[in-house]
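Some notes on the structure that comes next.
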Amino acid sequence: EADIYQTPRYLVIGTGKKITLECSQTMGHDKMYWYQQDPGMELHLIHYSYGVNSTEKGDLSSESTVSRIRTEHFPLTLESARPSHTSQYLCASSVGGMSPTDTQYFGPGTRLTVL
Amino acid sequence: GQNIDQPTEMTATEGAIVQINCTYQTSGFNGLFWYQQHAGEAPTFLSYNVLDGLEEKGRFSSFLSRSKGYSYLLLKELQMKDSASYLCAVRGVNDYKLSFGAGTTVTVRA
Numbered sequence: 072e073a074d075i076y077q078t079p080r081y082l083v084i085g086t087g088k089k090i091t092l093e094c095s096q097t098m099g100h101d102k103m104y105w106y107q108q109d110p111g112m113e114l115h116l117i118h119y120s121y122g123v124n125s126t127e128k129g130d131l132s133s134e135s136t137v138s139r140i141r142t143e144h145f146p147l148t149l150e151s152a153r154p155s156h157t158s159q160y161l162c163a164s165s166v167g168g169m170s171p172t173d174t175q176y177f178g179p180g181t182r183l184t185v186l
Numbered sequence: 016g017q018n019i020d021q022p023t024e025m026t027a028t029e030g031a032i033v034q035i036n037c038t039y040q041t042s043g044f045n046g047l048f049w050y051q052q053h054a055g056e057a058p059t060f061l062s063y064n065v066l067d068g069l070e071e072k073g074r075f076s077s078f079l080s081r082s083k084g085y086s087y088l089l090l091k092e093l094q095m096k097d098s099a100s101y102l103c104a105v106r107g108v109n110d111y112k113l114s115f116g117a118g119t120t121v122t123v124r125a
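Residue numbers (this note's numbering), protein chains in the order written: chain G, 72 to 186; chain A, 16 to 125.
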């Protein structure tokens with residue numbers, strides 16, 4: 072079981088603010104992911120990273136950006152938040168490498184509300 | 016891409032058995048995962064299938080048929096704490112990314 076942390080758990084902010092959602096894992100996993108999930112809907116991959124200095128956009132277009140300067144840290148930033156960004160954001164990590172299952176383990180999520 | 020279908024809701028009685036089906040149409044397949052997600056919480060890993068057949072883990076079992084693009088999660092001896100959403104996810108071949116279904120909400124009644 073991975074130890075993966077997200078802060079804040081809940082965030083209510085006004086339109087136009089810059090925000091950073093934090094995600095950290097202590098398992099030394101190479102791969103990390105950001106998903107967006109609306110109530111009753113599927114998880115959509117918005118960003119992923121296969122290691123330090125590696126970031127890729129996911130299947131769902133997002134106005135957010137990510138960085139991967141350290142293995143354990145994968146923050147997501149919104150330069151100017153809008154009400155359409157209101158959602159739950161889930162961070163995940165997996166060991167990567169030659170692992171046959173490469174199971175993804177999820178953090179507790181950040182529920183973002185933009186007014 | 017991946018197209019993953021699973022029922023929206025199911026209701027069952029405590030102590031009973033429930034089977035959650037998942038069908039998928041994919042451009043490549045490299046494993047199928049089942050996750051449990053309680054309301055407001057993170058998904059937690061339940062099972063993984065990459066070869067055809069049944070994988071059993073205590074009260075939970077998962078089955079895969081690659082030729083039919085079909086999987087099911089079987090929950091036995093249902094308990095109230097099993098009330099949750101169950102997510103089916105398929106992994107692609109080249110990029111190892113997961114594509115998720117919308118989830119099946121299971122409600123266990125006393």
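Heads up, the beta-carbon is just placed ideally off N, CA and C, and yes, glycines get one too.
On the criterion of 16 or more Cβ atoms from any shown chain inside 10 Å, does residue i qualify as buried, or is it exposed?
i              : result
P58 (chain A)  : buried
Y119 (chain G) : buried
V33 (chain A)  : buried
A99 (chain A)  : buried
Y81 (chain G)  : exposed
S132 (chain G) : exposed
Q69 (chain G)  : The displayed coordinates of chain G run from 72 to 186. Any statement about residue 69 (chain G) would go beyond what the structure contains.
Q40 (chain A)  : exposed
S62 (chain A)  : buried
S165 (chain G) : buried
Who are residue i's beta bridge partners in DSSP?
i              : result
E24 (chain A)  : A:T120
K128 (chain G) : G:H118
Output the boundary residues of the beta strand (DSSP E) element that contains residue i.
i              : result
I117 (chain G) : 115-122
M103 (chain G) : 102-108
Y111 (chain A) : First-last for Y111 (chain A): undefined, no H or E at that position.
V185 (chain G) : 181-185
L66 (chain A)  : Looking at the DSSP string, L66 (chain A) is not in any beta strand (DSSP E), and its letter there is neither H nor E.
V83 (chain G)  : 81-84
N36 (chain A)  : 33-41
L89 (chain A)  : 85-90
Q96 (chain G)  : 90-96
L161 (chain G) : 158-165
Using a Cβ-Cβ cut-off of 7 Å, state whether residue i counts as contacting chain G.
i              : result
Y39 (chain A)  : no
A125 (chain A) : no
F44 (chain A)  : no
G68 (chain A)  : no
G116 (chain A) : yes
A57 (chain A)  : yes
K112 (chain A) : yes
Y101 (chain A) : no
Y63 (chain A)  : yes
F78 (chain A)  : no
F60 (chain A)  : yes
Please confirm whether residue i has its beta-carbon closer than 7 Å to some beta-carbon of chain A.
i              : result
G113 (chain G) : The identity of residue 113 (chain G) in the sequence shown is Glu, whereas the question assumes Gly. Yes - at least one Cβ of chain A is within 7 Å of the one on E113 (chain G).
T184 (chain G) : no
P179 (chain G) : yes
L82 (chain G)  : no
T172 (chain G) : yes
L116 (chain G) : yes
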